[in-house]
Structures are given as structure tokens and as C-alpha cells.
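The structure appears right after this line, and notes come after that.
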Amino acid sequence: MSHILAPGTPAPDFTLPVTPDQKLSLSELRGQPVVLAFYPADWSPVCGDQMALYNEIMPEFRRFNAEVLGISVDGVWCHAAFAQLHFPLLADFEPKGAVARVYGAYREADGITERALFVIDKAGIIRWSYCSPVAVNPGADGILEALEQLPQ
């Protein structure tokens with residue numbers, strides 16, 4: 001497993017495609033909590049279950065005014081075919097895994113991202129991070145506990 005960025009680290013800014021003609025920068029979300037959910041690949045059973053869970057419990061994330069962002073090395077067209085969610089999937093496609101590398105969440109040998117989670121506070125500081133085994137859905141309990149502990 002990779003060595004992901006630790007709590008207390010300023011979250012590196014990035015800009016990634018959400019659709020073929022729209023991009024999103026992490027800095028645009030400053031002032032609200034952000035959950036970054038790196039996942040290995042669209043269409044894998046565990047990833048589908050993980051993203052569906054976050055979609056299902058979106059009201060819980062909204063309680064904390066948190067924005068959820070899914071990130072994988074798949075392209076925007078693959079994301080569009082993969083899922084219609086209530087949160088964006090960002091394409092860390094080209095250069096492949098550039099953002100995942102900065103967060104310490106790229107699996108060089110496999111060419112995919114780790115299943116890594118980050119909770120970033122309103123000021124842009126990572127307050128919680130976790131790297132799950134690729135074959136294990138990390139669920140949402142750790143994310144929700146981290147969001148609960150953020151200062152309002």
C-alpha cells in the first residue's frame with residue numbers, strides 16, 4: 001500500500017475534469033469540508049458498491065455541508081457511463097494518476113489509485129486519511145466520524 005498524506009497536511013490543490021468540457025478545482029470548495037474518495041476503477045464490483053453507498057447516504061454528508069468527490073484514473077466518458085451519482089467523479093486520467101501521486105494514493109505497479117479517503121476541513125487541511133485494501137469497501141463510518149469532529 002502507498003503512504004498517503006497524513007492528517008495535518010495542507011491538501012494539495014488540483015483541477016480535474018468532471019465532464020468533457022467542465023473542470024473542478026479543489027480550491028473552489030474552500031470554506032466547506034471536502035471528502036476525497038480515491039478508488040481504483042469504474043466498473044469494479046467493490047468500487048461500484050462504495051460509490052453507491054456514498055450516493056445513498058448523501059444526506060448524511062450534506063448534514064455537515066460536505067462535498068464528496070470521487071477520483072479515479074478513468075476518463076470522463078467512462079465515469080459518465082459508470083454511474084449517475086449525486087456527487088462528481090473526477091478523471092485523474094492524463095497525466096495518468098497525477099493527483100493520486102501527489103496524495104500518495106497511486107499504485108504504480110497496477111496503474112490505478114489506492115482506495116484512499118481524505119477528509120479536508122474548511123481551511124484546506126487534511127483532518128483524516130485512510131487507505132483501505134483495494135478489495136475492501138471502507139464504508140463511510142470513518143468519514144462521518146471525521147466530519148463530526150471538524151470544528152463548525
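The sequence shown begins at 1 in my numbering and counts up by one. By construction, the Cβ of each residue, glycine as well, lies at the ideal position given by its N, Cα and C atoms.
In chain order, Gly124, Ile125 and Ile126 place their CB closer than 8 Å to the CB of Pro10, counting only its own chain and leaving out the 5 sequence neighbours on each side.
Annotation for Arg62: the continuous alpha helix (DSSP H) segment containing it runs Met58 to Arg63.
For Glu145, there is no enclosing beta strand (DSSP E); the enclosing alpha helix (DSSP H) covers residues Asp141 to Gln149. Gly48 carries a helical assignment under DSSP once its states are collapsed to helix, strand and coil.
Taking all protein chains shown into account, Asp110 has fewer than 16 neighbouring C-beta atoms within 10 Å of its C-beta and is therefore exposed. Bounds of the beta strand (DSSP E) holding Trp128 are Ile126 to Ser132. Every beta strand (DSSP E) stretch that sits fully inside the region 66 to 109 and reaches 3 residues is listed by chain position as 67 to 72 and 89 to 91.
DSSP lists Pro17 as the beta-bridge partner residues of Lys23. In the DSSP assignment, Arg30 falls outside any beta strand (DSSP E) and carries neither an H nor an E. One thing to note: Asn137 has its Cβ within 8 Å of the Cβ of Asp49.
With fewer than 16 neighbouring CB atoms inside 10 Å of its own CB, Glu108 falls in the exposed class. Using a 10 angstroms sphere on the CB of Leu69, the tally of other CB atoms reaches 16 or more, which defines it as buried. Scanning its chain for C-beta atoms nearer than 6 Å, with the 5 sequence neighbours on each side dropped, one finds around Val76 the residues Pro17, Thr19, Pro20 and Ala91, in chain order.
Judged by pairs of C-beta atoms under 8 Å, the region 44 to 60 does not touch the region 22 to 30, as fewer than three such pairs exist.
In the assembly as shown, Thr15 is an exposed residue. Its beta-carbon has fewer than 16 other beta-carbons within 10 Å.
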